[in-house]
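For the record, in the sequence shown the residue sitting at position 20 is 26 according to this note's numbering, with numbers rising by one throughout. In this text, a Cβ means the ideal position worked out from N, Cα and C, and glycines have one as well. Values in this document were obtained by computation on a predicted structure and should not be read as measured data.
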Amino acid sequence: MVAVLFFAALGGIYAFLYYCNHRTPVPKGCENIKAECAGCHDSSCANHPSHDL
7 MVAVLFFAAL GGIYAFLYYC NHRTPVPKGC ENIKAECAGC HDSSCANHPS HDL
């Protein structure tokens with residue numbers, strides 16, 4: 007029973023933090039970072055131009 011309550015509390019905390027993060031406005035200058043990305047050596051980055059294929 008304690009484990010169920012513990013995981014329910016963790017799920018509730020996660021949901022609350024996700025909600026708060028979703029409501030946070032994007033900082034000025036970071037609205038469209040992909041447009042200014044020239045690419046670096048980190049090809050696993052989601053903004054890397056190699057993913058535009």
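{"Item": "Helix, strand or coil for Asp-48? Go by DSSP, reduced to three states.", "Value": "coil"}
{"Item": "Is Asn-27 helix, strand or coil by DSSP?", "Value": "helix"}
{"Item": "How big is the Cα-Cα spacing for Gly-17 and Leu-23?", "Value": "10 Å"}
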